[in-house]
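Undergrad: Residue numbers for the sequence shown, in my numbering: 12 to 170. Virtual Cβ for every residue (Gly too), placed ideally from N, Cα, C.
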Amino acid sequence: MKDPRLIEISVGIFVALGLASLLMLAMKVANLADFSAPPGYEVRAYFDNIGGLQVRSPVKMGGVVVGRISDIGFDSKRFQACVTVRLEQRYDHIPTDTAANIYTSGLLGEQYIGLEPGGEESYLKNGSELTITQSAVVLEKMIQEFLYNKTAKPEPQSP
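(1) Are Asp86 and Cys93 close, meaning C-beta to C-beta below 7 Å?
(2) Could you pull out every residue in the same chain whose Cβ sits closer than 6 Å to the Cβ of Ser133, ignoring the five residues on either side in sequence?
(3) So, at 7 Å on beta carbons, what are the nonlocal neighbours of Val40 in its own chain, with the 5 sequence-adjacent residues on each side left out?
(4) Which class does Ser87 belong to by DSSP, given the choice of helix, strand or coil?
(5) Does the beta-carbon distance from Ile124 to Val70 come in below 7 Å?
(6) Could you tell me the boundaries of the beta strand (DSSP E) in which Ile143 lies?
(7) Just how far apart, CA to CA, sit Val26 and Gly62?
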């Protein structure tokens, strides 16, 4: 017969491992898996609408994460959302005329900023501004425009 104390200890270890794995999963989903930010530089971009973009959302170029969003604010002079992006130092040859677009992963996934490089020979540096931006596509607005255009067009009449 096995010692009941040994069974209790093994169950306790199993429960502790389960809780630790749930904590790691929650941190991964919340983009908090990286405790320290890699060295890099910050650039700003202004958007009319950022949708559901959040701090710590990824910034991707060619599908590769090249940085993360470090701050989101509102510029009361421009009346636009100001997004501060922290790019990793190893990606220091990004042209100054790079375009920043807000995309969604899948139909209802997280939003991220996608960078599309331009052709300039000068590169972004700390404090630069991304001037070519495209705001987030808001699904409700698209549905509203579709319904409005559908009702505004008269139906062709048959002879």
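TA: The structure says:
(1) Result yes, Cβ atoms of Asp86 and Cys93 sit closer than 7 Å.
(2) Thr107
(3) none
(4) coil
(5) yes
(6) Ile143 to Gln145
(7) Straight across, the Cα-Cα distance linking Val26 with Gly62 is about 39 Å.
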